[in-house]
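Each remark here refers to the structure printed beneath this line.
Residue numbers (my numbering): 20 to 78.
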């Protein structure tokens, strides 16, 4: 098992690459979550404005 983890002295490159990819995947998930929250907030605001505008048109 230690020989596998060492990978013929290429371990820093291999495991570093895995770390970079995992980091970017984590950043992507975080960005998707924040984008979704922003979109939901914008849509909620738009729906509220449409409801208010609809009430004004009825009066």
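Cβ coordinates follow ideal geometry from the N, Cα and C atoms, glycine included.
Would you report the Cα separation of residue i and residue j, rounded to the nearest angstrom?
i          : j          : result
residue 24 : residue 68 : 58 Å
residue 30 : residue 40 : 15 Å
residue 42 : residue 58 : 24 Å
What is the DSSP secondary structure of residue i, counted as helix, strand or coil?
i          : result
residue 27 : coil
residue 44 : helix
Nearest chain B C-beta to residue i closer than 7 Å, yes or no?
i          : result
residue 34 : No chain B appears in the structure shown, which is made up of a single protein chain.
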